[in-house]
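Here is the structure we will look at.
2 protein chains.
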Amino acid sequence: MLELRFNGPSGGNPFIDVQLTAVFAQENRQVPVFGFYDGEGIYRIRYMPDAPGRWTYVTASNAPELNGATGAFEVLPPTKGNHGPVQVANRFHFAHVDGTPYFPFGTTCYALGFIGEPFAQQTFDGLVSAQFNKVRLCLLPKPLGDLQPVAMPFERIPGAVIADPATLADGGMSTQKFDTTRFNPAYFRHFEKIVERLNVLGIQADVILFHPYDAWDFRNMPADRDDRYLRYAIARLSAYRNVWWSVANEYDFLTSKTLADWNRFFRIITECDPSSHLRSIHHSGEIYDNARPWVTHASLQRHDFERSSFYRESWGKPVIFDEVEYEGDFAKRWGNLSAEELVRRFWLAVVHGAYASHGETFITPPGQPVWSNAGKLRGSSGPRIRFLRELVERITKSGLNEFEGAYYPCAGKKGEVYLYYFDYHCPAEYDFPLPVGIRFRASLIAPYDMTIERMAGSFTGKDRGADSRQRDSAGLGEGICRIRLPGKPYMAVLFERE
Amino acid sequence: MLELRFNGPSGGNPFIDVQLTAVFAQENRQVPVFGFYDGEGIYRIRYMPDAPGRWTYVTASNAPELNGATGAFEVLPPTKGNHGPVQVANRFHFAHVDGTPYFPFGTTCYALGFIGEPFAQQTFDGLVSAQFNKVRLCLLPKPLGDLQPVAMPFERIPGAVIADPATLADGGMSTQKFDTTRFNPAYFRHFEKIVERLNVLGIQADVILFHPYDAWDFRNMPADRDDRYLRYAIARLSAYRNVWWSVANEYDFLTSKTLADWNRFFRIITECDPSSHLRSIHHSGEIYDNARPWVTHASLQRHDFERSSFYRESWGKPVIFDEVEYEGDFAKRWGNLSAEELVRRFWLAVVHGAYASHGETFITPPGQPVWSNAGKLRGSSGPRIRFLRELVERITKSGLNEFEGAYYPCAGKKGEVYLYYFDYHCPAEYDFPLPVGIRFRASLIAPYDMTIERMAGSFTGKDRGADSRQRDSAGLGEGICRIRLPGKPYMAVLFERE
Chain A
1 MLELRFNGPS GGNPFIDVQL TAVFAQENRQ VPVFGFYDGE GIYRIRYMPD APGRWTYVTA
61 SNAPELNGAT GAFEVLPPTK GNHGPVQVAN RFHFAHVDGT PYFPFGTTCY ALGFIGEPFA
121 QQTFDGLVSA QFNKVRLCLL PKPLGDLQPV AMPFERIPGA VIADPATLAD GGMSTQKFDT
181 TRFNPAYFRH FEKIVERLNV LGIQADVILF HPYDAWDFRN MPADRDDRYL RYAIARLSAY
241 RNVWWSVANE YDFLTSKTLA DWNRFFRIIT ECDPSSHLRS IHHSGEIYDN ARPWVTHASL
301 QRHDFERSSF YRESWGKPVI FDEVEYEGDF AKRWGNLSAE ELVRRFWLAV VHGAYASHGE
361 TFITPPGQPV WSNAGKLRGS SGPRIRFLRE LVERITKSGL NEFEGAYYPC AGKKGEVYLY
421 YFDYHCPAEY DFPLPVGIRF RASLIAPYDM TIERMAGSFT GKDRGADSRQ RDSAGLGEGI
481 CRIRLPGKPY MAVLFERE
Chain B
1001 MLELRFNGPS GGNPFIDVQL TAVFAQENRQ VPVFGFYDGE GIYRIRYMPD APGRWTYVTA
1061 SNAPELNGAT GAFEVLPPTK GNHGPVQVAN RFHFAHVDGT PYFPFGTTCY ALGFIGEPFA
1121 QQTFDGLVSA QFNKVRLCLL PKPLGDLQPV AMPFERIPGA VIADPATLAD GGMSTQKFDT
1181 TRFNPAYFRH FEKIVERLNV LGIQADVILF HPYDAWDFRN MPADRDDRYL RYAIARLSAY
1241 RNVWWSVANE YDFLTSKTLA DWNRFFRIIT ECDPSSHLRS IHHSGEIYDN ARPWVTHASL
1301 QRHDFERSSF YRESWGKPVI FDEVEYEGDF AKRWGNLSAE ELVRRFWLAV VHGAYASHGE
1361 TFITPPGQPV WSNAGKLRGS SGPRIRFLRE LVERITKSGL NEFEGAYYPC AGKKGEVYLY
1421 YFDYHCPAEY DFPLPVGIRF RASLIAPYDM TIERMAGSFT GKDRGADSRQ RDSAGLGEGI
1481 CRIRLPGKPY MAVLFERE
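Quick mapping for you: the protein sequence lines, in order, are chains A and B. Each residue of the first sequence is one higher than the last, beginning at 1 in the working numbering. Each residue of the second sequence is one higher than the last, beginning at 1001 in the working numbering.
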């Protein structure tokens, strides 16, 4: 990230009054980038150059002291471990821009960006222990019960309240009223530090720009304030290489906004983000039309994994089941899966050629957040999800695609790798379709116990004539290989070419 | 059962040539009943009188020696333990005609009626051990691999074969060709003994009249032979009080028959069965229109229990999920559920106001049938299904109805009994909607461990004003009662009025 810093006007409302842009150039290529006011007369322009070599810039502003500044700099090759931002790769999957595979096995910590210590550190400890490589987190604060955000994103209007403090549990925080024409740069600086801490750990920050969980009426801002907030957020965050844009969480619960608003937000992001970070929008009920060109991947709140191929083909994009319900013991239906059930859902997503995200909602002691906001990771699914992630990373570089129509769900690559997951089915033997003349090693995997047991011998498809060829409508291979299995629930079987 | 026996003509083809009926009469009521030829010049007429007192009969036949026979008899009140046949009761449930509750917790042993010993006795041992109270069994034989039916329902055509014996595994049995205009009465007598053995145990015989699992081309008989077979079966079996008619298993796989055929079969059954036994038709994919007036209940091959209320209301009839896939370790998707999964499906059926049926398909040693045909019961779901049956029989006399729209599935009767099943949800506490001012005892049930743990104290709904009343859209009760739960999968909770 390159950051330019300038001193400029601090009178009036600089967030509205002052426009600042820069054009970054390399040879004939020109990249317009928006700057932002960071408070106390300081202006910044951030840019993530995407090519090594010499670059120049020139600024433009309606404030004379910010206008026409020029400079040049040399971009060096990426340092070791810097693979650049994540983009869509192989149509239904992801990779870093340098080609390093990236498969999302993420979680949800909505409040990580504004909850403060000790909870942020606890969250990072949990992220590291489970090796999650993506976090969904809200840029705007949400109420946290008896906890409070470290700061607020807008300037407070002293004395003004929007609700009777007696009706609220958070000590009056959610009664405060804010001037949504004036940002609080300290809030955003705090959020950025969290994004950078995630980046150091190789964790993608799936930044949720709008959400309905609001106590301060931020969800009902007029369109010009929404747009200004969006441009401000993009100017500040788009130079962080691990940022993804999630336009909203449960967008369809934000009833004050229309489809035209959501489309405009996507347009603003594509216009203002010079680095073209990934863009999605998360629903509750009604799914946004993910076929729209500005959507890079689907972020679903569903668990009908058997329809993954349908979704992938309909939209022509990767599918992440970003909310598949949470591990925990909440009273709500969406918040009390067993670890076994959540792990099962991850496996179903993977063998259907898609991805899933983790979340956790255990009832916590007073003063302690739940993981889906931030805090301690209490459940048991984390290590099992890590186990699956490591398995997937070992067996594919380009992502697993479902063999659509396979008798038991299977993903992989024909002739190379086949990963089966039997879910609640308990066969004691199965005629696996395999290609004739290619030899495979086979392993029996216990997803919850996290064991991989290599089966003795070498395996290939035996040609059984028209009958077996007819069975291979899924394209797995024209032969059949009978294998004895333990006849227990939740078995997985992996074939890898020898 | 009253059985009249007559000697009559044995020349020609008595199954076609001789018509024999009787009219049974009690005062002004007249009941026409069809007789049948039982071989060796013997004709029989069977009838199950449904009212005590004096009855008379008079026969009619185109054979002079069978025509105009008359008689009278006295019907005594039912003996102890004889509750009469099962009929639909309380719209969505069942009961014996004397009002004794009957809730189907059945299983599937297709070949029980023709498999012979020692397998029939093994089957009865299993039926008794799990206390199943209904069995689905085929009247026409199906191939049994290396086993053979005890007899065949039609006369063999000596020397004629319908297939190359070398292609078949059953020693040539399925190569034989039969004259489907001539029944083999010995076959039916054997089947009737099985039905009677079931009756002694209080087990309903859900007799499957047609099925697609055929090696002898019985499924492709012309319409006149189908109809004659049907009339013959009804004449022989309708006086057995435990008989139910299942017109077909997987009727939609019988592609040589049309919807008009199925409708005609139902019409023939309603015409010929003087005792109006229960009538259903079991599908594989396409569901027959169960709203037709001649269908008494739905016999489904599905496991979308959450749609039970929709099915019940659509057809106005009881719903039995007669095939919910089988416990076992077969390679086929439908034949390898764990016991846990099958027990789970029974509970889901019950809390959605419907019923389920058991089946089992473990891989067996050579020469041993699988339970879904007949033989040894090998699985672990049986005792758990019995546990559920005994629970249901204890808590309701009229059947459990779903509280449609309840947040977690619940069946029962408002103000009296509530049975919850939490499936894979693991809440550690839940605000149960309960009526205000009625006290309940509460029990925590572990469906697989078969424990019922009474919770200390007495429970009632606390009125929480408009908020709680608003939550009671399912009609469970306007108050709320918070209860701590173990936060484990597959919990059930029972409330019973004190």
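Even glycine gets a Cβ: it sits at the ideal position worked out from N, Cα and C.
Just tell me which of A:E271, A:R279 and A:E498 has its CA closest to the CA of F442 of chain A.
In the first sequence, the residue the question calls residue 442 of chain A occupies position 442. Reading off the sequence shown, one finds Ala at residue 442 of chain A, where the question assumed Phe. If we check each option's Cα against that of A442 of chain A, A:E498 comes out closest.
Just checking my contact of F1403 of chain B with R1236 of chain B at CB under 8 Å: how many whole Å lie between their CB atoms?
Taking the second sequence and counting its residues from 1, one reaches residue 1403 of chain B at position 403. Taking the second sequence and counting its residues from 1, one reaches residue 1236 of chain B at position 236. So it is not a contact: roughly 44 Å between Cβ atoms.
Scan the stretch 483-495 of chain A for residues whose Cβ lies nearer than 7 Å to a Cβ of chain B and list them as they occur along the chain.
Of all residues in the stretch 483-495 of chain A, G487 and P489 have a Cβ within less than 7 Å of some Cβ in chain B.
Counting only beta-carbon separations shorter than 9 Å, does Y1420 of chain B have a partner in chain A?
For the purposes of this step, residue 1420 of chain B is taken as residue 420 along the second sequence, with counting starting at 1. With 9 Å as the cut-off, Y1420 of chain B does not count as an interface residue toward chain A.
What residue range is occupied by the uninterrupted beta strand (DSSP E) comprising W244 of chain A?
Here residue 244 of chain A refers to the residue found at position 244 when the first sequence is read from its first residue. Looking at the DSSP string, the run of the beta strand (DSSP E) that includes W244 of chain A is V243 to A248.
Would you mind working out which of B:Y1424, B:L1020, B:G1437 and B:L1342 sits nearest S338 of chain A, comparing C-alpha positions?
If you number the first sequence from 1, residue 338 of chain A lands on position 338. If we check each option's Cα against that of S338 of chain A, B:Y1424 comes out closest.
Hey, out of A:G81, A:F422, A:V86 and A:W216, whose CA is closest to L144 of chain A's CA?
For the purposes of this step, residue 144 of chain A is taken as residue 144 along the first sequence, with counting starting at 1. The shortest C-alpha separation from L144 of chain A is found at A:W216.
When you compare the CB positions of I385 of chain A and L494 of chain A, do they come within less than 9 Å of one another, or not?
Sequence index remark: in the first sequence, residue 385 of chain A carries index 385 (1-based). Sequence index remark: in the first sequence, residue 494 of chain A carries index 494 (1-based). No, these two residues do not count as a Cβ contact at 9 Å.
Compare the C-alpha of L1419 of chain B against each of B:K1257, B:P1366, B:V1195 and B:P1409 and name the closest.
As a working mapping, residue 1419 of chain B is identified with position 419 in the second sequence. Of B:K1257, B:P1366, B:V1195 and B:P1409, the residue nearest in Cα terms is B:P1409.
In chain order, what residues of the same chain have a beta carbon less than 6 Å from the beta carbon of W1371 of chain B, not counting five sequence neighbours either side?
To locate residue 1371 of chain B, count along the second sequence from 1; it is residue 371. E1360 and L1377, listed in sequence order.
Considering only the alpha carbon of each residue, which of B:N1067, B:G1071 and B:V1075 lies closest to M1048 of chain B?
On the second sequence, position 48 is the one that residue 1048 of chain B refers to. Comparing Cα-Cα distances from M1048 of chain B to each of B:N1067, B:G1071 and B:V1075, the minimum goes to B:V1075.
In chain order, what residues of the same chain lie with their CB nearer than 6 Å to the CB of L1004 of chain B, ignoring the 5 residues before and after it?
The residue given as residue 1004 of chain B occupies position 4 in the second sequence. Excluding positions up to five away in sequence, the list reads I1045.
Relative to the C-alpha of H1096 of chain B, which candidate in B:K1397, B:F1422 and B:C1481 has its C-alpha closest?
Translated into the one-based positions of the second sequence, residue 1096 of chain B becomes position 96. Here the closest residue by C-alpha is B:K1397.
Compute the Euclidean distance between the alpha carbons of V1350 of chain B and A1356 of chain B, then round it to the nearest angstrom.
Locating residue 1350 of chain B in the second sequence gives position 350, where the first residue counts as 1. Locating residue 1356 of chain B in the second sequence gives position 356, where the first residue counts as 1. Spanning the two alpha carbons is a distance of roughly 8 Å.
State yes or no: is the beta carbon of C138 of chain A nearer than 9 Å to at least one beta carbon in chain B?
Counted from its first residue, the first sequence places residue 138 of chain A at position 138. No, because no Cβ of chain B sits closer than 9 Å to the Cβ of C138 of chain A.
Check each candidate in B:D1449, B:T1070 and B:I1483 and name the one with the smallest Cα separation from P1499 of chain B.
Here chain B has residues from 1001 to 1498 only, and residue 1499 of chain B is not among them.
Which same chain residues, not among the five before or five after W262 of chain A, have their C-beta less than 8 Å away from its C-beta?
The residue labelled residue 262 of chain A in the question sits at position 262 within the first sequence. Hits under 8 Å: V247, A248, Y251, I281 and Y288.
Who pairs with L147 of chain A in a beta bridge, going by DSSP?
Start at 1 with the first residue of the first sequence, and residue 147 of chain A comes out as number 147. Per DSSP, A:L144.
For the stretch 312-336 of chain A, which residues have a beta carbon sitting closer than 7 Å to at least one beta carbon of chain B?
From the stretch 312-336 of chain A, only D329, F330, A331, R333 and N336 have a Cβ closer than 7 Å to chain B.
Classify D1431 of chain B as helix, strand or coil using the three-state DSSP reduction.
Your numbering for residue 1431 of chain B matches position 431 in the second sequence. In the structure shown, D1431 of chain B sits in a strand (DSSP, three-state: E or B).
Short check: CB of I194 of chain A to CB of G375 of chain A, under 9 Å?
Residue numbering aside, residue 194 of chain A sits at position 194 when the first sequence is read from its first letter. Residue numbering aside, residue 375 of chain A sits at position 375 when the first sequence is read from its first letter. For I194 of chain A and G375 of chain A, no; Cβs fall outside 9 Å.
Around the Cβ of L1147 of chain B, are there at least 16 other Cβ atoms within 10 angstroms (buried) or fewer (exposed)?
Taking the first residue of the second sequence as position 1, residue 1147 of chain B is located at position 147. The residue in question, L1147 of chain B, is buried, as its Cβ has 16 or more Cβ neighbours within 10 Å.
Report yes if the CB atom of L1342 of chain B is closer than 9 Å to the CB atom of F1321 of chain B, and no otherwise.
What you label residue 1342 of chain B is simply residue 342 of the second sequence in a count that begins at 1. What you label residue 1321 of chain B is simply residue 321 of the second sequence in a count that begins at 1. For L1342 of chain B and F1321 of chain B, no; Cβs fall outside 9 Å.
Using a Cβ cut-off of 8 Å, pull out every chain B residue sitting near E341 of chain A, in sequence order please.
On the first sequence, residue 341 of chain A is found 341 positions in, with the first residue counted as 1. Simply Y1424 and P1489.
Can you find the residues in the same chain that come closer than 8 Å, C-beta to C-beta, to L1230 of chain B, ignoring five residues on each side of it along the sequence?
Taking the first residue of the second sequence as position 1, residue 1230 of chain B is located at position 230. If we look at L1230 of chain B and ignore the five residues flanking it on each side, its Cβ neighbours are L1209, F1265, I1268, I1269 and C1272.
Short check: CB of T296 of chain A to CB of Q19 of chain A, under 9 Å?
As a position in the first sequence, residue 296 of chain A is number 296, starting the count at 1. As a position in the first sequence, residue 19 of chain A is number 19, starting the count at 1. Contact: no.
Just mark E1327 of chain B as buried or exposed, buried being the case when its beta carbon has 16 or more other beta carbons within 10 Å.
Residue numbering aside, residue 1327 of chain B sits at position 327 when the second sequence is read from its first letter. Label assigned to E1327 of chain B: buried.
Check the Cβ of A428 of chain A against every Cβ in chain C and list those closer than 7 Å, keeping chain order.
The structure shown has no chain C; the protein chains it does contain are A and B.
Residues of chain A with CB closer than 8 Å to the CB of D1431 of chain B, please, in chain order.
Looking up residue 1431 of chain B in the second sequence gives position 431. Within 8 Å Cβ-Cβ: A331.
What's the gap between the Cα of G159 of chain A and the Cα of R345 of chain A?
One-based indexing of the first sequence puts residue 159 of chain A at position 159. One-based indexing of the first sequence puts residue 345 of chain A at position 345. Taking the straight line joining both Cα atoms gives about 49 Å.
Give the straight-line distance between the Cα atoms of L137 of chain A and G465 of chain A, rounded to the nearest whole angstrom.
As a working note, residue 137 of chain A is residue 137 in the first sequence. As a working note, residue 465 of chain A is residue 465 in the first sequence. Spanning the two alpha carbons is a distance of roughly 54 Å.
State yes or no: is the C-beta of Y1407 of chain B within less than 9 Å of the C-beta of R333 of chain A?
The residue given as residue 1407 of chain B occupies position 407 in the second sequence. The residue given as residue 333 of chain A occupies position 333 in the first sequence. A contact, by the Cβ cut-off of 9 Å.
To the nearest angstrom, how far is the alpha carbon of S1129 of chain B from that of P1383 of chain B?
In the second sequence, counting from the first residue as 1, residue 1129 of chain B sits at position 129. In the second sequence, counting from the first residue as 1, residue 1383 of chain B sits at position 383. Each residue's Cα considered, the two are about 8 Å apart.
Below 8 Å CB to CB, which residues in the same chain sit around S458 of chain A once its five sequence neighbours on both sides are set aside?
For the purposes of this step, residue 458 of chain A is identified with residue 458 of the first sequence, where counting begins at 1. The answer, listed in chain order, is R439, F440, R441 and E498.
Under DSSP, the alpha helix (DSSP H) around R231 of chain A begins and ends at which residues?
Along the first sequence, one-based indexing puts residue 231 of chain A at 231. Segment A223 to L237, the alpha helix (DSSP H) holding R231 of chain A.
Pick from A:A446, A:I445 and A:E416: whose alpha carbon is nearest that of L476 of chain A?
Within the first sequence, the letter at position 476 stands for residue 476 of chain A. Of the listed residues, the one whose Cα sits closest to L476 of chain A is A:E416.
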